[in-house]
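J.: Each protein sequence line maps, in turn, to chains A and B. For the record, in the first sequence the residue sitting at position 211 is 271 according to this note's numbering, with numbers rising by one throughout. For the record, in the second sequence the residue sitting at position 116 is 620 according to this note's numbering, with numbers rising by one throughout. The beta-carbon is built from N, C-alpha and C at its ideal position, and this holds for glycine as well. As the structure is a prediction and not an experimental result, all values here were calculated from the model. Before I ask anything, here is the structure I am working with.
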Amino acid sequence: MKMRSMLKYFISLVGCTMMCMNLHAQQDSIPTIDSLVIKKKYGIRLGIDLSKIARTFLESDYSGLELNGDYRLTNKLYISGEIGTEEQTSVTDYLNSTAKGSYLKIGSDYNMHNNWGDLENLVYFGFRFGASSFEQTLNNYTIYDTNNTTWGQTIIEDSETFSGLSSSWVELMFGFKAEILTNLFVGVNLQLKRRLSESKPENFENIYIPGFGRTFDSGKFGMGFGYNISYLVPFYKKAK
Amino acid sequence: MKQFVYLFLIILFSCEKDDICADTTQTTPRLVIEFYDLTAPDKELAVAGLYALGLDTDALEVPITNEIVMTRTSITLPLKTDDFETEFVLYKSYDIVDGVVRGNPDVIKVTYSTENLYISRACGYITNFQIQTFSIAEDTDQWMRNSEILNYEITNENEIHVKIFH
Numbered sequence: 061m062k063m064r065s066m067l068k069y070f071i072s073l074v075g076c077t078m079m080c081m082n083l084h085a086q087q088d089s090i091p092t093i094d095s096l097v098i099k100k101k102y103g104i105r106l107g108i109d110l111s112k113i114a115r116t117f118l119e120s121d122y123s124g125l126e127l128n129g130d131y132r133l134t135n136k137l138y139i140s141g142e143i144g145t146e147e148q149t150s151v152t153d154y155l156n157s158t159a160k161g162s163y164l165k166i167g168s169d170y171n172m173h174n175n176w177g178d179l180e181n182l183v184y185f186g187f188r189f190g191a192s193s194f195e196q197t198l199n200n201y202t203i204y205d206t207n208n209t210t211w212g213q214t215i216i217e218d219s220e221t222f223s224g225l226s227s228s229w230v231e232l233m234f235g236f237k238a239e240i241l242t243n244l245f246v247g248v249n250l251q252l253k254r255r256l257s258e259s260k261p262e263n264f265e266n267i268y269i270p271g272f273g274r275t276f277d278s279g280k281f282g283m284g285f286g287y288n289i290s291y292l293v294p295f296y297k298k299a300k
Numbered sequence: 505m506k507q508f509v510y511l512f513l514i515i516l517f518s519c520e521k522d523d524i525c526a527d528t529t530q531t532t533p534r535l536v537i538e539f540y541d542l543t544a545p546d547k548e549l550a551v552a553g554l555y556a557l558g559l560d561t562d563a564l565e566v567p568i569t570n571e572i573v574m575t576r577t578s579i580t581l582p583l584k585t586d587d588f589e590t591e592f593v594l595y596k597s598y599d600i601v602d603g604v605v606r607g608n609p610d611v612i613k614v615t616y617s618t619e620n621l622y623i624s625r626a627c628g629y630i631t632n633f634q635i636q637t638f639s640i641a642e643d644t645d646q647w648m649r650n651s652e653i654l655n656y657e658i659t660n661e662n663e664i665h666v667k668i669f670h
């Protein structure tokens with residue numbers, strides 16, 4: 061568990077660093093052209109979250125898919141959204157449960173990066189409203205009893221499914237998108253989330269919420285990350 | 505950017521404690537019995553050399569973890585979480601002399617219903633009990649004479665559930 065978290069974190073760091081370098085390299089190598097009117101591409105960008113696909117193959121207790129898209133409104137502002145499904149099995153010493161469902165996130169991204177020339181890279185802050193519809197299955201649990209050395213542990217194997225659960229949240233996003241080939245982008249982002257609502261199963265709680273991620277005992281906050289590859293379908297070009 | 509990564513790091517690592525059940529967490533409560541004077545029912549009366557053993561389904565004695573012979577006014581006994589009744593042998597003046605057990609054993613039996621209560625992702629569920637009956641098996645040399653259920657709900661160990669008069 062810890063190893064996996066460490067690995068995730070390490071990969072995010074490496075990913076971020078590489079993106080920064082990439083952006084810098086491009087800034088340095090492009091000469092400024094004052095005499096030209098620089099036009100920016102406007103269109104719809106569609107993508108997929110590679111990390112969720114990778115985790116689906118690498119982790120036996122996870123499967124997920126997320127499609128994302130954005131539409132450019134102005135030079136800096138995009139309407140963005142994600143749609144996806146996730147299934148996550150969470151295991152602790154005493155509890156084994158699986159959450160399964162789909163989610164939708166809608167919001168906008170604001171690009172803070174001033175591109176040179178006709179570059180289209182993004183260093184952005186995003187805001188999302190998210191909603192999830194899911195079910196949770198309590199696969200098995202061990203009665204927590206520190207005095208169980210006398211009679212032994214009791215393990216309850218009857219699985220129970222709590223369906224029709226839902227949750228909503230807001231999230232702040234920070235990320236990069238770099239154009240690596242014409243119209244082809246790769247991006248990473250970090251997400252900080254805060255739950256607005258959730259329907260709680262009776263005599264249980266939401267351990268994992270698809271789209272929101274794992275929940276924490278300490279409160280309504282959550283986090284996530286994404287590695288996206290996306291393709292821009294340009295509709296038209298417009299001067300800055 | 506840097507601050508954001510640090511924040512992410514802090515959240516990642518601080519979360520791990522959620523997955524480990526802390527020792528201080530309220531666990532499945534045990535049955536608390538207090539001993540009273542038969543002639544003065546309001547007064548606690550210590551039992552000399554009190555020692556308890558569990559009885560399994562084959563009526564064989566099962567040692568209770570941390571249970572020692574001690575003169576005391578109360579005893580705390582673990583109930584089976586996978587059954588609806590548990591039996592114990594309570595010895596008065598327990599002693600072992602040359603490998604022979606001495607003392608006066610009486611058998612008690614408690615029947616109950618159980619309810620598993622969600623605690624947290626780390627600890628899962630604990631069992632709470634609702635006492636249905638409490639009985640002392642009759643024998644010719646019975647030291648526990650009478651009992652009274654004070655609290656039918658066993659949800660913690662801070663209150664007395666059963667009074668025994670002797």
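Restricting to runs no shorter than 3 residues, where is the beta strand (DSSP E) found entirely within the segment 163 to 204 of chain A?
T.: 182 to 202
J.: Kindly list, in the order they appear in chain B, the residues whose Cβ is closer than 9 Å to that of E265 (chain A).
T.: As a first step, residue 265 (chain A) must be located in the first sequence, where it is residue number 205. Result: Y622, S624 and R625.
J.: Please state the DSSP three-state secondary structure of I289 (chain A).
T.: Reading the first sequence from its first residue, position 229 is the one you call residue 289 (chain A). I289 (chain A) falls in the strand class under three-state DSSP.
J.: Examine chain A for any beta-carbon lying closer than 8 Å to the beta-carbon of G558 (chain B), and answer yes or no.
T.: For this step, residue 558 (chain B) is matched to residue 54 along the second sequence. At least one chain A Cβ lies under 8 Å of G558 (chain B).
J.: With a 10 Å radius around its C-beta and 16 neighbouring C-beta atoms as the bar for buried, classify E142 (chain A) as buried or exposed.
T.: Here residue 142 (chain A) is taken as the residue at index 82 of the first sequence, counted from 1. Buried.
J.: Mind checking whether S150 (chain A) and R274 (chain A) have CB atoms under 8 Å apart?
T.: Working through the first sequence from its first residue, we reach residue 150 (chain A) at position 90. Working through the first sequence from its first residue, we reach residue 274 (chain A) at position 214. Closer than 8 Å, so yes.
J.: I want to see whether chain B comes within less than 8 Å of Y138 (chain A), judged by CB atoms only; does it?
T.: In the first sequence, residue 138 (chain A) corresponds to position 78, counting from 1. Interface annotation, Y138 (chain A): not in contact with chain B, CB-CB separation never under 8 Å.
J.: By DSSP, does F117 (chain A) sit in helix, in strand, or in coil?
T.: On the first sequence, residue 117 (chain A) is found 57 positions in, with the first residue counted as 1. Three-state result, F117 (chain A): helix.
J.: Which same chain residues end up closer than 6 Å to I267 (chain A) when comparing Cβ atoms and leaving out the 5 residues on each side of it in sequence?
T.: For the purposes of this step, residue 267 (chain A) is taken as residue 207 along the first sequence, with counting starting at 1. Only S150 and S157 meet the Cβ criterion.
J.: Quick one: is V566 (chain B) near chain A, going by C-beta distance under 8 Å?
T.: Residue 566 (chain B) sits at position 62 when you count from the first residue of the second sequence. It does: the Cβ of V566 (chain B) has a partner Cβ on chain A nearer than 8 Å.
J.: Here's the rule I'm using: 16 or more other beta-carbon atoms within 10 Å means buried, otherwise exposed. How should T152 (chain A) be labelled?
T.: Here residue 152 (chain A) corresponds to residue number 92 of the first sequence, with the count starting at 1. That one is buried.
J.: For the segment 209 to 239 of chain A, which residues have a beta carbon sitting closer than 9 Å to at least one beta carbon of chain B?
T.: T209, T210, W211, G212, Q213, T214, I215, I216 and F234
J.: Kindly confirm or deny that the segment 569 to 586 of chain B and the segment 548 to 555 of chain B touch, where touching means at least three C-beta pairs closer than 8 Å.
T.: As far as the Cβ criterion goes, the segment 569 to 586 of chain B touches the segment 548 to 555 of chain B, which means the pair count is three or higher.
J.: So, is the C-beta of L155 (chain A) closer than 8 Å to a C-beta in chain B?
T.: As a first step, residue 155 (chain A) must be located in the first sequence, where it is residue number 95. Interface residue (Cβ-Cβ distance to chain B less than 8 Å): L155 (chain A) is classified as such.
J.: Just to confirm, are G190 (chain A) and S162 (chain A) a CB contact at a threshold of 8 Å?
T.: The residue given as residue 190 (chain A) occupies position 130 in the first sequence. The residue given as residue 162 (chain A) occupies position 102 in the first sequence. It is not a contact, given that the beta carbons lie outside the stated cut-off.
J.: Does the Cβ of Q213 (chain A) have 16 or more other Cβ atoms within 10 Å, making it buried, or fewer, making it exposed?
T.: Locating residue 213 (chain A) in the first sequence gives position 153, counting from the first residue. Counting Cβ neighbours within 10 Å, Q213 (chain A) comes out exposed, since fewer than 16 surround it.
J.: Excluding the 5 residues preceding and the 5 following S597 (chain B) in the sequence, name in chain order all residues of the same chain whose CB lies nearer than 8 Å to its CB.
T.: Looking up residue 597 (chain B) in the second sequence gives position 93. Only A552, G553, R606, G607 and N608 meet the Cβ criterion.
J.: Buried or exposed: where does M254 (chain A) fall if 16 or more other Cβ atoms within 10 Å of its Cβ makes it buried?
T.: For this step, residue 254 (chain A) is matched to residue 194 along the first sequence. The sequence as given places Arg at residue 254 (chain A); Met does not occur at that position. R254 (chain A) should be labelled exposed.
J.: Tell me whether the segment 555 to 565 of chain B and the segment 522 to 533 of chain B touch, counting them as touching only if at least three CB pairs, one residue from each stretch, are closer than 8 Å.
T.: no
J.: Taking 6 Å as the limit between beta carbons, can you name the residues of its chain near S223 (chain A), skipping five residues before and five after?
T.: In the first sequence, residue 223 (chain A) corresponds to position 163, counting from 1. Excluding positions up to five away in sequence, the list reads E195.
J.: Does the beta carbon of P582 (chain B) come closer than 8 Å to any beta carbon on chain A?
T.: What you label residue 582 (chain B) is simply residue 78 of the second sequence in a count that begins at 1. Chain A, which has a Cβ nearer than 8 Å to the Cβ of P582 (chain B), makes this yes.
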